[in-house]
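Numbering (our numbering), first residue to last: 4 to 329. Heads up: the structure comes next, in structure tokens.
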């Protein structure tokens, strides 16, 4: 089969198209004929050798085929979306049965891929960690991205009283408004609190979802209201935030929490109520997964470069059987 593999750690340039033997399923696994594979920031960090900390570190042996999510058909004809630890950048992949979910016919491949990692992340940010209550204000950083675009919509679906989006450009802010945000503002750290409070009718925010980190996270903590909650789930700025003294959290009655999907899937599997709800909302037209560019499999390096340069909107998709345009 064809696959994109890296034999050393580095940037997008280390990915190479290769021919490798077909994968073999073990107990509790199935081989999936891949229709589409998703691209994530985690893939970029993995091929760079940066996922090296904690019990879920993924700097494994080389050579290695990245890719953690696929849509495809099993040998018995089921069309499914599935999460896997590795191997998605290929024409065939092995997926554990517990990490597969049947795909409603109304849900396209790209949309399903957007729901798997980004959608589940957005769902758990709002439901499991922030525990958004009806009427609360929710600020979503990077609102035109894969997770942010879904978090904007889900916050509305879950009853948020006011949804405030932040994004880095006018067109991305316009997209956030189209997806259901009440207002969209620049997300830079300078002047952050003033913009958010003004967008929230003069009140600090109840919930802030941050994937940027660094100075933006520092500024966001200052924009939280009484019993406000900030959830950090990424650091796309690649800059460290200032340490927050515990006494400040206590005095201001605020909470700073974190979320990472990989440990949850490792423990509980990728299926379950959250993914079922996301697929159902999408099938009924209540949720619009944002699909960005699609690339033939052999152009995976281009997808990584576009994602790193922040030129993208929504979910990036690799198509193993699409003809190359290069």
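Where is the CB? At the ideal position from N, CA and C, for every residue including glycine.
- Task: Please classify residue 254: is it buried, with 16 or more other beta-carbons within 10 angstroms of its beta-carbon, or exposed?
- Result: exposed
- Task: For residue 28, I'd like the list of residues in its chain whose CB is within less than 7 Å of its CB, leaving aside the five on either flank, ordered along the chain.
- Result: 34, 97
- Of all the options 48, 160, 157, 190, which has the alpha carbon lying nearest to the alpha carbon of residue 333? Residue 333 is absent from the structure shown; the chain starts at 4 and stops at 329.
- Message: Given this structure, state the Cα-to-Cα distance separating residue 66 from residue 246, to the nearest angstrom.
- Response: 37 Å
- Message: In the DSSP assignment, the alpha helix (DSSP H) including residue 293 goes from what residue to what residue?
- Response: Neither: residue 293 is in no alpha helix (DSSP H) and is coded neither H nor E.
- Please state whether DSSP places residue 393 in a helix, a strand or coil. There is no way to answer for residue 393, as the model of the chain reaches only from 4 to 329.
- Message: Measuring straight from C-alpha to C-alpha, what distance separates residue 175 and residue 166?
- Response: 15 Å
- Per DSSP, residue 219 forms a beta bridge with which residues? DSSP output for residue 219 lists no bridge partner at all.
- Query: Does the Cβ of residue 107 have 16 or more other Cβ atoms within 10 Å, making it buried, or fewer, making it exposed?
  - Reply: exposed
- What separation, rounded to the nearest whole angstrom, lies between the Cα atoms of residue 293 and residue 284? 14 Å
- What residues in its chain sit with their C-beta under 6 Å from that of residue 118, if we drop five residues either side in the sequence? 281, 292
- residue 5 versus residue 318 - alpha carbon distance: 22 Å
- Message: Along the chain, where does the alpha helix (DSSP H) containing residue 175 start, and where does it finish?
- Response: 173–181
- Message: Among the candidates 114, 257, 23, whose CA atom is the shortest distance from the CA of residue 228?
- Response: 257
- Within the stretch 18–90, note down every full alpha helix (DSSP H) run reaching 4 residues or more, in order along the chain. 44–50
- Buried or exposed for residue 152, please, with buried defined as at least 16 other CB atoms from any protein chain shown within 10 angstroms of its CB. buried
- Thinking residue 345 and residue 76 are a contact (beta carbons under 8 Å), I'd like their distance in whole angstroms, please. Absent from the structure is residue 345, since the part of the chain shown begins at 4 and ends at 329.
- Task: Measuring alpha carbon to alpha carbon, tell me which of 295, 274, 159, 311 ends up nearest residue 321.
- Result: 295
- Message: Considering Cα atoms alone, identify which of 14, 12, 114, 74 is closest to residue 38.
- Response: 74
- Have a look at residue 272 and residue 155 and give me their C-alpha separation to the nearest angstrom. 25 Å
- Task: For my contact list, residue 259 and residue 224 are in at a C-beta cut-off of 8 Å; report their separation, rounded to the angstrom.
- Result: 7 Å
- Measuring from the CB of residue 94, is there a heavy atom of the ligand FMN at a distance below 7 Å? With respect to the ligand FMN, the structure offers nothing, as it holds no ligand at all.
- Item | Bridge partner(s) assigned by DSSP for residue 211 | 142, 233
- Measuring CB to CB, does residue 7 end up less than 8 Å from residue 303? yes
- Return yes when the Cβ of residue 213 is within less than 8 Å of the Cβ of residue 182, no when it is not. no
- Message: Ignoring anything shorter than 4 residues, give me the alpha helix (DSSP H) runs that lie fully in the stretch 146–170, in order along the chain.
- Response: 149–160
- Item | Unbroken beta strand (DSSP E) run spanning residue 307, endpoints | No beta strand (DSSP E) contains residue 307, which is instead part of the alpha helix (DSSP H) from 303–311.
- Could you spell out where the alpha helix (DSSP H) holding residue 127 opens and where it closes? 123–127
- Item | residue 204 classed as buried or exposed, judged by whether at least 16 other C-beta atoms fall within 10 angstroms | exposed
- Task: Note down the Cα distance separating residue 30 from residue 99, rounded to an integer number of angstroms.
- Result: 9 Å
- Residue range of the alpha helix (DSSP H) that residue 201 falls in? 195–202
- Query: What are the partner residues of residue 98, as DSSP defines its beta bridges?
  - Reply: 33
- According to the neighbour-count rule (16 or more other Cβ atoms, all chains shown, within 10 Å of its Cβ), is residue 140 buried or exposed? buried
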